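Step one of this worksheet: look at the structure below.
Protein chains: 2
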Amino acid sequence: MATIKQVAKRANVSVATVSRVMNNNGYVSAEAREAVERAIAELDYAPNRVARSLFTKTSGLIGLIMPDITNPFFPQLARAIEDVANQHGYQVVLCNTDEQLAKEQSYLVALQTMHVDGLIITTNHSDNPNYEKLEVPMVALDRIVKSGIDAVISDGYEGGRLAAETLLNCGATRLAHIGGPEQLQTVKRRTDGFLDVAGDRLVGMTHSSFTFKEALTAAQTLFDEHWPFDGLFAANDVIAAAVLQEAVRRNVRVPQDLQVIGYDGIELGEMTSPPLTTISQPIYEMGRRATERLLDLIEKKDTVTKEILLPVTLTERQTTIRKGHDT
Amino acid sequence: MATIKQVAKRANVSVATVSRVMNNNGYVSAEAREAVERAIAELDYAPNRVARSLFTKTSGLIGLIMPDITNPFFPQLARAIEDVANQHGYQVVLCNTDEQLAKEQSYLVALQTMHVDGLIITTNHSDNPNYEKLEVPMVALDRIVKSGIDAVISDGYEGGRLAAETLLNCGATRLAHIGGPEQLQTVKRRTDGFLDVAGDRLVGMTHSSFTFKEALTAAQTLFDEHWPFDGLFAANDVIAAAVLQEAVRRNVRVPQDLQVIGYDGIELGEMTSPPLTTISQPIYEMGRRATERLLDLIEKKDTVTKEILLPVTLTERQTTIRKGHDT
DNA sequence: ACTTGATATGTAACCGGTTACACATTATGA
DNA sequence: TCATAATGTGTAACCGGTTACATATCAAGT
């Protein structure tokens, strides 16, 4: 790789002049500019970002801290983040923490020492001193966060309500629910919303992690202990898929005997049989907004901490019975 | 953040001594070492990786170039890569290229100027000059690659054969196939293997991209034009899921009327109804091996170009009829 | 006692950029 | 015409590490 010095020599100017044309600042004569540009082209020069970083204290890097990219909710988020970061000339560093504070900590120091310009964090530990003492701009994503950290989330409570209302509207009378991991505030809100509308029409409820395997045993438990019910709301689409599978195993027909609503709106919901009715979060949009917000923070366009709350929508597929069409 | 100079002053030594204790090389007296360590602890010092990078020309960064993290095959790969990279003190930079050469190019220069230590590439364009002229160690993953680039792939041809043999063993006599994108060599081999065993028992075949939507229309076409068939091999699990969904729409019972085998072994296969029999690639293992290989290359442990071919296995679930159990 | 090698430490150059500052030249306005 | 501002360019300091090299001390070997 050519260096700025080589370019300077070839163009018969000083490194300062080369730097000026690269960054388009300061005064440069037309001839000098042309000579430099020719030299750059001839040498196929691209400035060393490490060197630039050292001086400017910016890296063009964004740290992305999420529990597990393997969880089907996160790839879309990551994609959105990477897309907009890239459009603005930033690269993203991927970190999987499995929600473990120790891992987060070690990533945090690694990212800090490489001078990332900002952080997008999907963590429950944002109130941890490790985060608080960081002077790096950051925004929390899909997580409710204690103090003065920016956040973008979607309206889980309303999503829960919407699920219950939909089930009720579709004629369900005996409701069931499988909630998510209880320490996830953002997931708990879905349950809260659902429960508030369901009231005493709730006949059974349990909890599960977001792994399919656990979801399957949770579904089995629910069927074993609380059947019959005719409307079920799952805290995410993976759990809903498990319910669907368990339903066919038990010859419970969906949606005739049991209507099911999932949560998230990931692609998996299209692939089940029948395709899953679900409460869709605007996942890509969430990633996009979080990144745009972070970029604003980095460029100091805005310093007032904000929480961005995005609306959810009902995606009606075939695990509920359409009213008005009266299938 | 504290700098090495501050540490040096506090410990009453020179920066060289601090550097020596940090890197554990050169001679350092016990007292000096202790003083430095105390100063480091007191100041919470961590060396600036950017500065170190500039001198050493290593960054601790690995570039991960893949088409689209949103495609459910890739998150596991990314996770494996990130896991082993992290275990060795490296961070990974995520790049989504959508298979577009222009995007790859722009990522390549970005990654190069930030001095990534290595590259894992999932691309069809490895024979492009952009890659060839790079002096960065790299390994291709899940892609067949022209010249002297290391690669790790799994045995697609054998996987295709295995799929056909399994279907035949399970009593299928009229075989169908939905192939993947034709420019993907690694996917084409699955088709080749399948076709070689199927021979003239093949009654119908079509192609599809790996998006669920397209797969669904491909499945419809196949049913429309070539039904009946009783054994189907799909080039990946997403396509297989589409076939399953289309089958229930047409009241075709799986596996009684039609047996289906997918390919990849992603988690989606567990979530369909019925759960999908599939040819499993050792996805995590592939990512792991690729990264370990890359790390060896980076550390110059080995310079002979290698192709690592990993075996695939049959994961028997419920879209095929178990022989010997005669369900 | 003197050479030699091991131990210990500091100074300064270097990595490849950016930019403050000095200096020179040219244009502008009174 | 002369002061002043705008334009153009180079030198060198700086960012925060690493390490070659110089220098010094001390123990061991002859």
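Line order of the protein sequences matches chains E and G.
Each residue of the first sequence is one higher than the one before, starting from 1 at the first, in the working numbering.
Each residue of the second sequence is one higher than the one before, starting from 328 at the first, in the working numbering.
Every residue, glycine too, gets a C-beta built ideally from N, C-alpha and C.
For clarity, every value in this text was computed on a predicted model and none was experimentally measured.
Given residue i as reference, the closest of the options once Cα atoms are compared
i        : options                                   : result
G:ILE367 : G:GLY353, G:VAL348, G:ALA357 and G:ALA378 : G:VAL348
E:ARG190 : E:CYS170, E:TYR157, E:GLY204 and E:PHE210 : E:TYR157
G:LEU435 : G:ARG406, G:GLY416 and G:MET393           : G:MET393
E:LEU294 : E:ASP44, E:SER19, E:GLN6 and E:LEU64      : E:LEU64
G:THR383 : G:THR330, G:VAL443, G:GLY614 and G:ASP395 : G:VAL443
G:ALA569 : G:ASN563, G:PHE550, G:ILE505 and G:ALA542 : G:ALA542
E:ALA172 : E:SER14, E:LYS306, E:ALA198 and E:GLY159  : E:ALA198
E:GLY262 : E:ASP237, E:ALA2 and E:ARG33              : E:ASP237
G:MET328 : G:GLU364, G:SER356, G:GLU369 and G:ALA362 : G:GLU369
E:LEU61  : E:LYS213, E:SER280, E:VAL13 and E:LEU111  : E:LEU111
G:ALA555 : G:LEU529, G:SER356 and G:PRO464           : For the record, residue 555 of chain G in the displayed sequence is Pro; it is not Ala. Considering only alpha carbons, the answer is G:LEU529.
E:ASN128 : E:LEU167, E:SER147 and E:GLN91            : E:SER147
E:ARG161 : E:LEU232, E:ASN12 and E:ARG143            : E:LEU232
E:LEU314 : E:ILE266, E:THR303, E:ALA8 and E:THR3     : E:ILE266
G:ALA545 : G:PHE521, G:ALA574 and G:ASP527           : G:ALA574
G:ARG615 : G:LEU522, G:ILE447, G:GLN427 and G:VAL377 : G:ILE447
E:HIS177 : E:ALA140, E:GLN183 and E:ASP200           : E:ASP200
Any chain G beta carbon closer than 9 Å to residue i
i        : result
E:ASP68  : yes
E:VAL238 : yes
E:VAL36  : no
E:LEU184 : no
E:HIS289 : In the sequence as presented, His is not what sits at residue 289 of chain E; that position holds Arg. For E:ARG289, the answer is no, since every Cβ of chain G falls outside 9 Å of its Cβ.
E:GLU267 : yes
E:GLN91  : yes
E:ALA234 : no
E:VAL342 : It is not possible to answer for residue 342 of chain E, since the shown part of chain E is limited to 1 through 327.
Three-state secondary structure assigned by DSSP to residue i
i        : result
G:ILE588 : strand
G:GLN403 : helix
E:ASP68  : coil
G:GLY614 : helix
G:THR344 : helix
G:SER356 : coil
G:ASN423 : strand
E:ILE321 : coil
E:SER147 : coil
E:LEU195 : helix
E:ILE266 : coil
E:VAL203 : strand
Contact with chain E by residue i, beta-carbon distance below 9 Å
i        : result
G:GLU409 : yes
G:THR599 : yes
G:MET613 : no
G:THR500 : no
G:CYS422 : yes
G:THR654 : Here the model assigns G:THR654 a pLDDT of 38, short of 50, so the residue's position is not dependable and the matter cannot be decided.
G:GLN427 : no
G:ASN413 : yes
G:VAL631 : no
G:LEU370 : no
G:PRO464 : no
G:HIS442 : yes
G:LYS540 : yes
G:LEU622 : no
G:GLN432 : no
Same chain only: Cβ atoms within 7 Å of residue i, ignoring 5 sequence neighbours per side
i        : result
E:HIS325 : With a pLDDT of 47 at E:HIS325, under the threshold of 50, the modelled position of this residue cannot be trusted, and the question is left open.
E:GLU225 : GLY204
E:ARG250 : PHE223
Neighbour-count burial assignment, residue i, 16 or more Cβ in a 10 Å radius
i        : result
E:LYS188 : buried
E:ALA151 : buried
E:ALA102 : exposed
G:ALA449 : Note on identity: in this sequence residue 449 of chain G is Thr, with Ala being the wrong assignment. So G:THR449 counts as buried.
E:ALA290 : buried
E:VAL135 : First, the amino acid is wrong: residue 135 of chain E is Glu here, not Val. With fewer than 16 other Cβ atoms within 10 Å, it is exposed.
G:ASN413 : buried
G:SER356 : exposed
G:VAL587 : buried
Beta-carbon proximity list for residue i, same chain, < 6 Å, skipping 5 on both sides
i        : result
E:ASN130 : GLN105 and LEU108
E:PRO255 : THR319, THR320 and ILE321
E:TYR284 : GLN76 and ALA80
E:ASP155 : LEU309, PRO311 and VAL312
E:THR221 : THR206
Neighbourhood of residue i by C-beta distance below 8 Å, restricted to the same chain and skipping five residues each side
i        : result
G:GLY507 : VAL514, LYS515, ARG517, THR518, HIS534, SER535, SER536, PHE537, ALA562, ASN563 and ILE566
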